[in-house]
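Once you know that position 229 of the sequence shown is 258 in our numbering, the rest is easy, because the numbers rise by one and skip nothing. Notes follow the structure.
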Amino acid sequence: MREKGQLQGYVYVVLLGESYGTTLMQLLQDYVVEWGLITTLFMLLAALVVGFVVFNLLTRNLTHIIKTVMRFRDGTLTARTQLKPNSDLAPLANAFNTMADQLGQSLDQLQTAEKLRRDLIANVSHDLRSPMTSIRGYAETLDMDASLDATQKHYVGAILQSTQRLTKRINELFELSKLEAKERKPEKEPFLLSDLVTETYTNFQLIAQHKGISFLCINCEVPLVCYADINMIEQVLQNLVENAINYSPEDGRVEIQLFNNDQFVRVSVINTVSPLPTSILDYFGKINQVDSRESIVRPPNSGLGLAIVRKILVLHRSQLQVACLSETEISFSFDVPVYRKFIDETV
30 MREKGQLQGY
40 VYVVLLGESY
50 GTTLMQLLQD
60 YVVEWGLITT
70 LFMLLAALVV
80 GFVVFNLLTR
90 NLTHIIKTVM
100 RFRDGTLTAR
110 TQLKPNSDLA
120 PLANAFNTMA
130 DQLGQSLDQL
140 QTAEKLRRDL
150 IANVSHDLRS
160 PMTSIRGYAE
170 TLDMDASLDA
180 TQKHYVGAIL
190 QSTQRLTKRI
200 NELFELSKLE
210 AKERKPEKEP
220 FLLSDLVTET
230 YTNFQLIAQH
240 KGISFLCINC
250 EVPLVCYADI
260 NMIEQVLQNL
270 VENAINYSPE
280 DGRVEIQLFN
290 NDQFVRVSVI
300 NTVSPLPTSI
310 LDYFGKINQV
320 DSRESIVRPP
330 NSGLGLAIVR
340 KILVLHRSQL
350 QVACLSETEI
360 SFSFDVPVYR
370 KFIDETV
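Now the structure itself:
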């Protein structure tokens, strides 16, 4: 621009071109996209936080019920759910509480009945001992009377045999009641199991011979030191061998076998049977599915001996195993822990 012939300044006119507009629009788009991404991420984060809080609020009651049920399952029988009455899961919680109360009452009734049964058995078996001792004493006195004829002698002998059998059952009943009441605890000590088995074998050898039974003891001469209650294990052996001889027919066979696997000694009593007592196998098949706290359950025609055996073995963390070896052979086995110190000294 000139004024009076002199240059005063310049005027620039910039026309908006196509390239400039494109650049501006691209910048605006990048700005919008950036803020859109930031806003989206913020909204997603907020949604996650809100969703997590809402999920916890919705599942808190369910989690409480699940934890209460698990506590009840683990033995805390007093565990109960505590939810507000207006909760959506309140009916489920109330149903569980009602069920738990009923189970608790039933368990209390069972425990009371079981205690009464044990007390009754203990008292009856204890009270029967004195009169049975008197009856046996009178019968033995009569048996020594020389004035009795043959018939009278026969009757007195029958009385003596009956009193002996009944006395044995009373003693077994009393023993089982003490085991169920947990009044007997195993007093474990190291002992030669081979000597105990040999002694049991010797004690029953004459009885087996009178019945015409072949009685064998396999690996009994090998010195095996075990760690258990020797009196209880002796009782287990005697009951198993006695049952084996009673079940075996004339001209049958009874074997006591010992097998050592460095940690346990397996004691097996094998006998021939005719016919095979399937009731025994059915009994043990059911027993293996039952808790060891069961009450008196015994196989048919076996007395209380096997029930006592099972209780004693449970106290030693062992179990009685029965197996059918053939159509005419049955085996009863149990494991006794080996005395580790003895093994270390002999290695």
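Every residue gets a Cβ at the ideal spot worked out from N, C-alpha and C, and that includes glycine.
In chain order, Thr110, Leu118, Leu121, Ala122 and Phe125 place their CB closer than 7 Å to the CB of Ile94, counting only its own chain and leaving out the 5 sequence neighbours on each side. For the pair Leu189 and Arg146, the Cα-to-Cα distance works out to about 30 Å. Around the beta-carbon of Ala336, 16 or more other beta-carbon atoms lie within 10 Å, marking it buried.
Excluding five sequence positions before and after Lys207, the CB atoms of its chain that fall closer than 7 Å to its own CB belong to Arg213, given in chain order. Rounded to whole angstroms, the gap between the alpha carbons of Asp178 and Asp172 is 11 Å. Only residues of its own chain outside the window of five on either side were considered, and among them Thr192 have a CB closer than 6 Å to the CB of Arg165, listed in chain order. Under the 8 Å Cβ criterion, the region 236-249 counts as touching the region 273-288, having at least three qualifying pairs. Three or more beta-carbon pairs separated by less than 8 Å are not found between the region 95-114 and the region 58-77, which leaves the two stretches without contact. Inter-residue distance for Leu139 and Leu132 is about 10 Å (C-alpha atoms, whole angstroms). At the C-beta level, Gln264 and Ile341 come within 8 Å of one another. Ranked by Cα distance from Ala108, the first of Thr127, Asn115 and Phe363 is Thr127. Excluding its 5 nearest sequence neighbours in each direction, His155 has C-beta neighbours in its own chain below 8 Å: Phe203, listed in chain order. Looking at the DSSP output, Asp364 sits in a beta bridge with Arg295. Assigned with DSSP and collapsed to three states, Gln350 falls in strand. Look at Ile285 here: in three-state DSSP terms it is strand.
When DSSP states are grouped into helix, strand and coil, Val78 belongs to the helix group.
Considering only Asp224, Arg346 and Ala129, the residue with the shortest C-alpha distance to Phe101 is Ala129. Excluding sequence positions up to five before and after Gln238, its CB lies within less than 8 Å of the CB of Phe244, all in the same chain and listed in chain order.
Per the C-alpha coordinates, the member of Val367, Thr105 and Asp103 positioned closest to Gln292 is Val367.
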